[in-house]
Structure formats: C-alpha cells, structure tokens
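Residues in the sequence shown are numbered from 221 upward in steps of one, following my numbering. Here is the structure we will look at.
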Amino acid sequence: FTDFNNSLGAIYIVRDPRNVVTSFAHHYGLSIEQSTNIMIDEKKWLSKTDITYKTFLGSWNINYNSWKQLGEKVLFVKYEDLVNKKKTILIKIFKFIQNLGMQNLKLDMNKLNKVIKSTEFKTMQNLEKNQDFREGIIDQKTKKRKIFFKYGPQNNWRESLDKTNREKLEKSFKKEMKELEYL
Numbered sequence: 221f222t223d224f225n226n227s228l229g230a231i232y233i234v235r236d237p238r239n240v241v242t243s244f245a246h247h248y249g250l251s252i253e254q255s256t257n258i259m260i261d262e263k264k265w266l267s268k269t270d271i272t273y274k275t276f277l278g279s280w281n282i283n284y285n286s287w288k289q290l291g292e293k294v295l296f297v298k299y300e301d302l303v304n305k306k307k308t309i310l311i312k313i314f315k316f317i318q319n320l321g322m323q324n325l326k327l328d329m330n331k332l333n334k335v336i337k338s339t340e341f342k343t344m345q346n347l348e349k350n351q352d353f354r355e356g357i358i359d360q361k362t363k364k365r366k367i368f369f370k371y372g373p374q375n376n377w378r379e380s381l382d383k384t385n386r387e388k389l390e391k392s393f394k395k396e397m398k399e400l401e402y403l
C-alpha cells in the first residue's frame, strides 16, 4: 500500500504478539482463542461493516515481514522500547526523518519533552474519556463505544494469556519473535 512516490518512508511500531492478542480480543469483542486464530491466519480479511471497508489483515508475521521488504525506508520501533525509552526512541525517530530528506528540521528538546508528557498513557486515557475518540469501536451488546486506551503498558501476557494460546503464537511466530528478542 505504501508508494514511495507519495511517501518518504515509514515508521513501523511492532509489539509482542502475546500482548497484541489481548488488545485485539478486547477491541473486537473476541475470545483470546478467536483472536489468536485470527492473528496466525495468513489469509485473514476483516469483513466490511457499515463504517469499514473489507481489509486484508493477514497474520502478525506476514504484516511485520511485508514492511521489512521496504528496506532502509522503514524504521522499526518496538512498542516496548517506545514505552520504556521514550526520549531515546523519539530522538531516533527524529533522526530517521531527517535522514529521509528533512535535514532542515531541528530537534527542539522542549517540544520533545512536551510530546512525551502529552502522550503518556494516562493522559491518552483521560483524553479518550473526555473527548470523542473514534478508534474505539461500538460494542454490539452495550451499544457504547469501547475503551481504546485500556491496557497499554500494563498489558502483560504473562498474567492474561493461557499456555495453549501462548504456545500457538510462539510456534507460529518463532522466527520473528526471536529476531525481535521477544523469545
């Protein structure tokens, strides 16, 4: 979908699939087992609804590997690093953007610190609570918008993922999880 005639590059944020599965389950109102099966399905499409188009999803590893094919035009950032080393990762992102041809941009540490402060998970939760946030989908049972910023950094697969689904994800994505040092 990315066209370098229209884009200088991309930043891909990757997350441990054992944590993605719980967020995915919550977002779509699915069980962990259903979410696991969707995440490992290489031919998975998301169905068309009143508000979304039919979209190819593929598996977690197909998605990740498809971006790797774009080479140095893509910066890969682990979600966990973005949470734990915010300033370091944001400076890395800034330098990546400069190297794509935006050399005139100057890093303003005051703005960088404001970005970090304004995007803390609790701040995002409060914004979602107090403003309309359309990423949260409508729960079919309650007809209310589901919380989008629910787990964030507190999402810990060690506490919420059963052995069967954990092993299924680890077996399916072993190569990529080792590459990313998740295993």
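Here a beta-carbon is modelled for each residue, glycine too, at the ideal position from N, C-alpha and C. Fair warning: this is a prediction, and the values are worked out from it, not measured in the lab.
Exclusion of the five residues before and after ASN375 leaves ASN239, THR242 and SER243 as the residues of its chain whose Cβ lies within less than 7 angstroms of its Cβ. A residue is called buried when at least 16 other Cβ atoms come within 10 angstroms of its Cβ; ASN304 does not meet this threshold and is exposed. Closest option to LYS388, judged by alpha-carbon separation, among MET397, ILE260, ASP352 and LYS398: ILE260. By the Cβ criterion, the stretch 293-300 is in contact with the stretch 222-235, since at least three pairs of Cβ atoms, one from each stretch, lie closer than 8 angstroms.
Sixteen is the threshold: when 16 or more other Cβ atoms of the shown chains lie within 10 Å of the Cβ of LEU381, as they do, the residue is buried. Under DSSP, VAL294 takes part in a beta bridge, and its partners are ALA230. By the Cβ-count criterion, GLU340 is exposed, with fewer than 16 other Cβ atoms from all chains shown falling within 10 Å of its own Cβ. Assigned with DSSP and collapsed to three states, ILE260 falls in helix.
Looking from the CA of LYS398, the closest CA among ASN281, LEU290 and GLU355 belongs to ASN281.
Secondary structure remark: continuous beta strand (DSSP E) runs of at least 3 residues inside the stretch 274-345, in chain order: 294-298. The Cβ neighbour count for GLY321, taken over all protein chains shown within 10 Å, is under 16; the residue is labelled exposed. Counting of Cβ neighbours within 10 angstroms places SER267 among the exposed residues, the total staying below 16.
Using a 10 angstroms sphere on the CB of GLU396, the tally of other CB atoms reaches 16 or more, which defines it as buried.
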